[in-house]
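**Q** Could you have a look at this structure, given as structure tokens, before my questions?
2 protein chains.
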Amino acid sequence: MGTTSERPHRVEVFDTTLRDGLQVEGVSATVEDKLRIAEQLDLLGVHYIEGGWPGANPKDIEFFARAGSELRLGTSTLVAFGSTRRPRGKVDDDATLRNLVEAATAAVCIVAKSSDYHVTEALQTTLDEGEAMIAESVRFLTGEGRQVLVDMEHFFDGYAANPEFSLRAIEAAVINGASHVVLCDTNGGSLPHQIEEIVGAVVHHLGGDVVVGIHCHDDTGCAVANSMAAIRAGARHVQGTLNGLGERTGNANLSTIIPNLQLKLGHPCLPDGRIASLTAVSHHVAELLNRAVNPQAPYVGSSAFAHKAGLHTSAIARAKDAYEHVRPEQVGNGTRFVVSEMAGRATIQMKAAELGLEMDGPAVNSVVDDLKRLEHEGYHFEAADASLELLMRRATGWTQEFFRVESMRVITDELPNGEFTTEATAKVWVGDDRHVHTAEGNGPVNAIDTALRMALADAYPQLSRVHLTDFKVRILDGASATGAVTRVLLDATDGERDWTTIGVSANIIEASWRALEESLVYGLLHGLPG
Amino acid sequence: MGTTSERPHRVEVFDTTLRDGLQVEGVSATVEDKLRIAEQLDLLGVHYIEGGWPGANPKDIEFFARAGSELRLGTSTLVAFGSTRRPRGKVDDDATLRNLVEAATAAVCIVAKSSDYHVTEALQTTLDEGEAMIAESVRFLTGEGRQVLVDMEHFFDGYAANPEFSLRAIEAAVINGASHVVLCDTNGGSLPHQIEEIVGAVVHHLGGDVVVGIHCHDDTGCAVANSMAAIRAGARHVQGTLNGLGERTGNANLSTIIPNLQLKLGHPCLPDGRIASLTAVSHHVAELLNRAVNPQAPYVGSSAFAHKAGLHTSAIARAKDAYEHVRPEQVGNGTRFVVSEMAGRATIQMKAAELGLEMDGPAVNSVVDDLKRLEHEGYHFEAADASLELLMRRATGWTQEFFRVESMRVITDELPNGEFTTEATAKVWVGDDRHVHTAEGNGPVNAIDTALRMALADAYPQLSRVHLTDFKVRILDGASATGAVTRVLLDATDGERDWTTIGVSANIIEASWRALEESLVYGLLHGLPG
Numbered sequence: 051m052g053t054t055s056e057r058p059h060r061v062e063v064f065d066t067t068l069r070d071g072l073q074v075e076g077v078s079a080t081v082e083d084k085l086r087i088a089e090q091l092d093l094l095g096v097h098y099i100e101g102g103w104p105g106a107n108p109k110d111i112e113f114f115a116r117a118g119s120e121l122r123l124g125t126s127t128l129v130a131f132g133s134t135r136r137p138r139g140k141v142d143d144d145a146t147l148r149n150l151v152e153a154a155t156a157a158v159c160i161v162a163k164s165s166d167y168h169v170t171e172a173l174q175t176t177l178d179e180g181e182a183m184i185a186e187s188v189r190f191l192t193g194e195g196r197q198v199l200v201d202m203e204h205f206f207d208g209y210a211a212n213p214e215f216s217l218r219a220i221e222a223a224v225i226n227g228a229s230h231v232v233l234c235d236t237n238g239g240s241l242p243h244q245i246e247e248i249v250g251a252v253v254h255h256l257g258g259d260v261v262v263g264i265h266c267h268d269d270t271g272c273a274v275a276n277s278m279a280a281i282r283a284g285a286r287h288v289q290g291t292l293n294g295l296g297e298r299t300g301n302a303n304l305s306t307i308i309p310n311l312q313l314k315l316g317h318p319c320l321p322d323g324r325i326a327s328l329t330a331v332s333h334h335v336a337e338l339l340n341r342a343v344n345p346q347a348p349y350v351g352s353s354a355f356a357h358k359a360g361l362h363t364s365a366i367a368r369a370k371d372a373y374e375h376v377r378p379e380q381v382g383n384g385t386r387f388v389v390s391e392m393a394g395r396a397t398i399q400m401k402a403a404e405l406g407l408e409m410d411g412p413a414v415n416s417v418v419d420d421l422k423r424l425e426h427e428g429y430h431f432e433a434a435d436a437s438l439e440l441l442m443r444r445a446t447g448w449t450q451e452f453f454r455v456e457s458m459r460v461i462t463d464e465l466p467n468g469e470f471t472t473e474a475t476a477k478v479w480v481g482d483d484r485h486v487h488t489a490e491g492n493g494p495v496n497a498i499d500t501a502l503r504m505a506l507a508d509a510y511p512q513l514s515r516v517h518l519t520d521f522k523v524r525i526l527d528g529a530s531a532t533g534a535v536t537r538v539l540l541d542a543t544d545g546e547r548d549w550t551t552i553g554v555s556a557n558i559i560e561a562s563w564r565a566l567e568e569s570l571v572y573g574l575l576h577g578l579p580g
Numbered sequence: 051m052g053t054t055s056e057r058p059h060r061v062e063v064f065d066t067t068l069r070d071g072l073q074v075e076g077v078s079a080t081v082e083d084k085l086r087i088a089e090q091l092d093l094l095g096v097h098y099i100e101g102g103w104p105g106a107n108p109k110d111i112e113f114f115a116r117a118g119s120e121l122r123l124g125t126s127t128l129v130a131f132g133s134t135r136r137p138r139g140k141v142d143d144d145a146t147l148r149n150l151v152e153a154a155t156a157a158v159c160i161v162a163k164s165s166d167y168h169v170t171e172a173l174q175t176t177l178d179e180g181e182a183m184i185a186e187s188v189r190f191l192t193g194e195g196r197q198v199l200v201d202m203e204h205f206f207d208g209y210a211a212n213p214e215f216s217l218r219a220i221e222a223a224v225i226n227g228a229s230h231v232v233l234c235d236t237n238g239g240s241l242p243h244q245i246e247e248i249v250g251a252v253v254h255h256l257g258g259d260v261v262v263g264i265h266c267h268d269d270t271g272c273a274v275a276n277s278m279a280a281i282r283a284g285a286r287h288v289q290g291t292l293n294g295l296g297e298r299t300g301n302a303n304l305s306t307i308i309p310n311l312q313l314k315l316g317h318p319c320l321p322d323g324r325i326a327s328l329t330a331v332s333h334h335v336a337e338l339l340n341r342a343v344n345p346q347a348p349y350v351g352s353s354a355f356a357h358k359a360g361l362h363t364s365a366i367a368r369a370k371d372a373y374e375h376v377r378p379e380q381v382g383n384g385t386r387f388v389v390s391e392m393a394g395r396a397t398i399q400m401k402a403a404e405l406g407l408e409m410d411g412p413a414v415n416s417v418v419d420d421l422k423r424l425e426h427e428g429y430h431f432e433a434a435d436a437s438l439e440l441l442m443r444r445a446t447g448w449t450q451e452f453f454r455v456e457s458m459r460v461i462t463d464e465l466p467n468g469e470f471t472t473e474a475t476a477k478v479w480v481g482d483d484r485h486v487h488t489a490e491g492n493g494p495v496n497a498i499d500t501a502l503r504m505a506l507a508d509a510y511p512q513l514s515r516v517h518l519t520d521f522k523v524r525i526l527d528g529a530s531a532t533g534a535v536t537r538v539l540l541d542a543t544d545g546e547r548d549w550t551t552i553g554v555s556a557n558i559i560e561a562s563w564r565a566l567e568e569s570l571v572y573g574l575l576h577g578l579p580g
């Protein structure tokens, strides 16, 4: 289906998460975070990692200094970003170019004005000077021994208005030794057919002496399609960010583009075998930036291969490829059957089989009924595998006998000096032994967690291996504001397995306490004996 | 730029938020919610609103019953969804078709198998029977006086494998009176050039006797581009959901497609003037489903026209169109300058002008420094306009003199019977008067909110007009689990203006308390006198 040339060409992947990606609202990264992210990108095997803009940001100067001594990249080339020299300035005393050279990377990427409007209006200079800025900057950087990529800013709008100048800008880069000219849809307003037409014209014009790249933003929701349209038209280099991070609507999402190109159209992008790490790397990078991957993200999202509808789940049981456009394992993701109030008996039975639980008909019915009722109250078992398992076990007659809570109390005080203190007391029974412990905490949930663990520590020393790894709070029906129902999700690990539990209540302390209790019960149920 | 026919054709918009959209993981809607959403879609002016599947879901039967008596749609046609009759069954005693007729809508949409593989494998029947199922079902429904749209399931995969059968399926629908055949990329795996080629072939084959529609899913990140490729190839009807809700990666996002088609390519989609309500309707629908609009969403996201980088903000001040591909006001959104640790002096000055604050150089510098420090601690002023304003006012020497907190205490108890109780005591001064109040609450934040308001009620009766409308909790560095820093955002309104405040602390009570204090201070500062 469709038409491509006989043998799809290799496409270089250029990741700019560490530069353009960090323009996204609400994200910032330490130098340490950036080094870790670079390692992940190298693991994935992208060709280029743009590390930052040493001229614009002191943090980025430190990043390149530490990268030079600490980073050992196996696959990727690190790139420093900058811009052409100032209008009417000299390359020799241009601070941006000097910072760029001092970053000491093998390759640099500079942004250049390639739209006549932006040269005359934004820079307030002549087109000849605009061309000279590019020519001299590229010559200077190649003279310093750098590989030079040039990002042609506002290229598509510029080309539409004045193709002659936009091509002059490109030629100034090429003639002076740039290895790549990257056509940027800077305001993100282009559509695929427009991109395909213009990239085709540029590739034809240049005749293969230089790599043509594409750099898109998602303002029309077409950044992925625009990037692919450029590749179809002959571009051999694609810039973007993992998870589509970036200013406004984001940069082109490499987590989508890479599998589209490699798995669907046969363009080699990553070194052999690396694409199977795509989901893990995307999530790891998101975590380092404290920003979850959109569950709906193609290929790598937690819902990308999740099936909820009763109709589909039974069809999938028969023919997986009916509702999965690729095998999720190819990108390191997996099929997931979602259990929710819409779940029928078949879904619960499949889940029981997955868990190795024997459930008879009445038990399955009782789970279906419980799910309906609890999800109505605000529970959400799709996200809380461990709580779901405990619910299903209880439907078979099981009860937890590890401990029993007599009572719990937590007190928070704001003192007259403005400081806050919190302490919690937990009273629990393990068999016939009563354990009472009081603990301070830096907040009420921390205090009850500590008090409960201390109360259980003698009886269950193995709980010291259970750590809470994440704590999420969602206010349901936020419109009731502080009177609203709160849903707490707790992630935990014992180093070998990870699990999530849930608690729901109008009282955030109660919701946290319920999730905490279930988390420890699950840990005791599946953990090694003490 | 690009090529379109002289006068772009009208494109019908078919919204399936209430049917396919609700397949998204984590979303469910009451009948009441669905009625409200239908009103919003009608306000926006879509042509068709698919309300649900009365055969599959008892809630949807109730929806159509209530819609018939309660909904007054001005623009949109309500559509009930179903499927063709069962294999080897009869239309007269088919429960799905009967439910569809009983839904009593002017139009119905039925899904039909149009891929030979799915007929022979999923339905386990012959291609002749597959064709008869379509023909008889459409004839039955048109005989009942319904307008019939047919969703051709798995059309693109089916057509690629066996175009002859896929066209037979379409013809069976057309000959028997279907008004629309809608080509569905059911597993979402297609790419724009493939869609364009196949839709073009189908449109050519049918020669205009019937409306060809397109229904895409976002599994390749191309649902928007795929829908637009189909329109370019002659489709005149597009199905999708506001905000791209839907199973797995979601359905095609109408909030993006509509402005792409109407503002960029000139295809009329909505009645005149309605597109300016797009942002409001998208957010309202999201809110009814208790699911925020992705801030990065094209056109309607809160970040879609937000500008953070110092470079861009100064350029935008000169030429707004440089970084905005459309005027945000066209879709009811607006330009936003984002203030964050990356903000330079220029951004703060622009913000001060926006607020009508006079700030001298040292005050601006002090705000820039405060932002850097506080954002490092976990504050996030991009989202908290009111807290930012108070911070900026304080930099000019202002302090709030409405009240002073002496101390606060909150106690939560789990009683031996498993019930939870919470009470809070606030001690505050207004001028020389000390006010002490204790209040119970259904959680600690509710209790401190109530106690503080009661303590201030005598002095500031106007606070009764201030309501908290949303309460969001984000755990930062979730990896520290219950010891992690908590960020609380509180939305409030006095009926005329809305504002957001922020509090950050390892103690969720302290974070909530800080946000609450600032929220009331902001309300007192801008509210009418009591």
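One line per chain: the protein sequences are H and Y, in this order. Position 460 of the first sequence, counted from 1, bears residue number 510 in the numbering used here, the numbering being contiguous throughout. Position 295 of the second sequence, counted from 1, bears residue number 345 in the numbering used here, the numbering being contiguous throughout. Every residue, glycine too, gets a C-beta built ideally from N, C-alpha and C.
Could you tell me how far apart the beta carbons of Ser305 of chain Y and Leu328 of chain Y are, in whole angstroms, since I believe they sit closer than 8 Å?
**A** For this step, residue 305 of chain Y is matched to residue 255 along the second sequence. For this step, residue 328 of chain Y is matched to residue 278 along the second sequence. About 6 Å separates the two Cβ atoms, so the contact holds.
**Q** Closer than 9 Å, Cβ to any Cβ of chain Y: which residues of the segment 270-282 of chain H, in chain order?
**A** Answer in chain order: Thr270, Gly271, Cys272, Ala273, Val274, Ala275, Asn276, Met278, Ala279, Arg282.
**Q** In whole angstroms, what is the alpha-carbon distance linking Arg524 of chain Y and Val538 of chain Y?
**A** Position 474 of the second sequence, counted from the first residue, corresponds to residue 524 of chain Y. Position 488 of the second sequence, counted from the first residue, corresponds to residue 538 of chain Y. Rounded to the nearest angstrom, the two C-alpha atoms are 6 Å apart.
**Q** As a quick exercise: from Y:Pro213, Y:Ala501, Y:Thr125, Y:Asn149, pick the residue whose alpha carbon is nearest that of Pro321 of chain Y.
**A** Residue 321 of chain Y sits at position 271 when you count from the first residue of the second sequence. The candidate whose alpha carbon is nearest that of Pro321 of chain Y is Y:Thr125.
**Q** At the level of alpha carbons, what is the spacing between Asp110 of chain Y and Thr134 of chain Y?
**A** Counting from 1 along the second sequence, the entry for residue 110 of chain Y is found at position 60. Counting from 1 along the second sequence, the entry for residue 134 of chain Y is found at position 84. Cα-Cα distance, rounded: 18 Å.
**Q** Can you tell which of H:Arg484, H:Gly102, H:Phe205, H:Ala79 has the C-alpha that lies nearest to the C-alpha of Val158 of chain H?
**A** Start at 1 with the first residue of the first sequence, and residue 158 of chain H comes out as number 108. Residue H:Gly102 is the option with its Cα nearest to Val158 of chain H.
**Q** Any beta carbon from chain H within less than 8 Å of Phe521 of chain Y's own beta carbon?
**A** Walking along the second sequence from the start, residue 521 of chain Y turns up at place 471. Taking Cβ atoms only, chain H reaches closer than 8 Å to Phe521 of chain Y, which makes this a yes.
**Q** Suppose you measure from the CA of Leu128 of chain H to the CA of Leu94 of chain H; what does that come to, to the nearest Å?
**A** For this step, residue 128 of chain H is matched to residue 78 along the first sequence. For this step, residue 94 of chain H is matched to residue 44 along the first sequence. Going by the C-alpha atoms only, they are around 14 Å apart.
**Q** So for Ala529 of chain Y, helix, strand or coil by DSSP?
**A** To locate residue 529 of chain Y, count along the second sequence from 1; it is residue 479. Confidence is the limiting factor: at Ala529 of chain Y the pLDDT is only 48, short of 50, which leaves the residue's position unreliable and the question unanswerable from this model.
**Q** So is Asn557 of chain H in contact with chain Y if we call contact Cβ pairs under 8 Å?
**A** Numbered from its first residue, the first sequence carries residue 557 of chain H at position 507. Taking Cβ atoms only, chain Y reaches closer than 8 Å to Asn557 of chain H, which makes this a yes.
**Q** List the DSSP bridge partners of Gly290 of chain H.
**A** As a first step, residue 290 of chain H is located in the first sequence; it is residue number 240 there, counting from the start. Gly290 of chain H is bridged to H:Asp65.
**Q** Name the two residues that bound the continuous beta strand (DSSP E) containing Glu349 of chain Y.
**A** Here residue 349 of chain Y refers to the residue found at position 299 of the second sequence. According to the sequence shown, residue 349 of chain Y is Tyr rather than Glu. It is not in any beta strand (DSSP E) - Tyr349 of chain Y carries neither H nor E in the DSSP assignment.
**Q** For Gln90 of chain H and Ala342 of chain H, what's the separation of their Cα atoms in angstroms?
**A** The residue given as residue 90 of chain H occupies position 40 in the first sequence. The residue given as residue 342 of chain H occupies position 292 in the first sequence. So the alpha carbons of these two residues sit roughly 16 Å apart.
**Q** Does DSSP put Phe113 of chain Y in a helix, a strand or coil?
**A** Locating residue 113 of chain Y in the second sequence gives position 63, where the first residue counts as 1. Phe113 of chain Y: helix per DSSP, three-state reduction.
**Q** What number of angstroms, rounded off, separates the C-alpha of Ala529 of chain H from the C-alpha of Glu120 of chain H?
**A** Sequence index remark: in the first sequence, residue 529 of chain H carries index 479 (1-based). Sequence index remark: in the first sequence, residue 120 of chain H carries index 70 (1-based). A caution first: Ala529 of chain H carries a pLDDT of 48, below 50, which makes its placement in the model too unreliable to give a value.
**Q** Cα separation between Ala155 of chain H and Phe114 of chain H?
**A** Counted from its first residue, the first sequence places residue 155 of chain H at position 105. Counted from its first residue, the first sequence places residue 114 of chain H at position 64. The identity of residue 155 of chain H in the sequence shown is Thr, whereas the question assumes Ala. One C-alpha to the other measures close to 8 Å.
**Q** Would the segment 236-248 of chain Y and the segment 261-277 of chain Y be scored as touching if the rule is three or more Cβ pairs under 8 Å?
**A** Result yes; three or more Cβ-Cβ pairs closer than 8 Å.
**Q** Does the count of Cβ pairs from the segment 240-250 of chain H and the segment 282-289 of chain H closer than 8 Å reach three?
**A** In short, these stretches touch, since the Cβ pair count reaches three.
**Q** Leu150 of chain Y and Gly132 of chain Y: beta carbons closer than 8 Å?
**A** The count along the second sequence starts at 1 and reaches residue 150 of chain Y at position 100. The count along the second sequence starts at 1 and reaches residue 132 of chain Y at position 82. Yes, the Cβ-Cβ distance between Leu150 of chain Y and Gly132 of chain Y is below 8 Å.
**Q** List the residues of chain H whose Cβ lies closer than 7 Å to the Cβ of Met458 of chain Y, in chain order.
**A** As a working mapping, residue 458 of chain Y is identified with position 408 in the second sequence. Neighbours of Met458 of chain Y on chain H, chain order: Glu464.
**Q** Checking contacts by CB at 8 Å: is Arg298 of chain H closer than that to chain Y?
**A** For the purposes of this step, residue 298 of chain H is taken as residue 248 along the first sequence, with counting starting at 1. Arg298 of chain H counts as touching chain Y.
**Q** Please give the ranges of any beta strand (DSSP E) in the segment 191-272 of chain Y, keeping only runs that are unbroken, at least 3 residues long and fully inside the region.
**A** Whole beta strand (DSSP E) segments, 3+ residues: 197-203, 230-234, 261-265.
**Q** Give the residues of chain Y in contact with Gly351 of chain H, contact being defined as C-beta atoms less than 7 Å apart.
**A** Residue numbering aside, residue 351 of chain H sits at position 301 when the first sequence is read from its first letter. Those within 7 Å of Gly351 of chain H in chain Y are Thr299.
**Q** What does Lys314 of chain Y reach in chain H if we use C-beta pairs closer than 8 Å?
**A** On the second sequence, position 264 is the one that residue 314 of chain Y refers to. Those within 8 Å of Lys314 of chain Y in chain H are Gly239, Leu241, Thr270.
**Q** What three-state label does DSSP hand Pro58 of chain H in the structure shown?
**A** Residue numbering aside, residue 58 of chain H sits at position 8 when the first sequence is read from its first letter. Three-state result, Pro58 of chain H: coil.
**Q** In the DSSP assignment, what residue or residues form a beta bridge with Tyr98 of chain H?
**A** For the purposes of this step, residue 98 of chain H is taken as residue 48 along the first sequence, with counting starting at 1. Looking at the DSSP assignment, Tyr98 of chain H forms a beta bridge with H:Phe64, H:Thr127.
**Q** In chain order, what residues of the segment 493-512 of chain Y put their CB closer than 7 Å to some CB of chain H?
**A** Answer set for the segment 493-512 of chain Y: Gly493, Pro494, Val495, Asn496, Asp499.
**Q** Count the other C-beta atoms from every protein chain shown that fall within 10 angstroms of the C-beta of Ser216 of chain H, then say buried if there are 16 or more, exposed otherwise.
**A** If you number the first sequence from 1, residue 216 of chain H lands on position 166. It counts as buried.
**Q** Specify, as a first and last residue, the run of the alpha helix (DSSP H) that Ala396 of chain H falls within.
**A** The residue you call residue 396 of chain H lines up with position 346 of the first sequence. Segment 395-405, the alpha helix (DSSP H) holding Ala396 of chain H.
**Q** Name the DSSP beta bridge partners of Thr550 of chain Y, please?
**A** The sequence position of residue 550 of chain Y within the second sequence is 500, counting from 1. According to DSSP, Thr550 of chain Y bridges with Y:Asp541.
**Q** Return the chain-ordered list of same chain residues with a C-beta closer than 8 Å to the C-beta of Arg459 of chain H, the five sequence neighbours on each side being excluded.
**A** What you label residue 459 of chain H is simply residue 409 of the first sequence in a count that begins at 1. Result list for Arg459 of chain H: Ala474, Thr475, in chain order.
**Q** List, in chain order, every chain H residue whose beta-carbon is nearer than 8 Å to that of Thr306 of chain Y.
**A** Stepping through the second sequence from its first residue, residue 306 of chain Y is reached at position 256. Per Cβ cutoff of 8 Å: Thr270, Gly271.
**Q** Within 8 Å of any Cβ in chain H, is that where the Cβ of Val376 of chain Y sits?
**A** As a working mapping, residue 376 of chain Y is identified with position 326 in the second sequence. Taking Cβ atoms only, chain H reaches closer than 8 Å to Val376 of chain Y, which makes this a yes.
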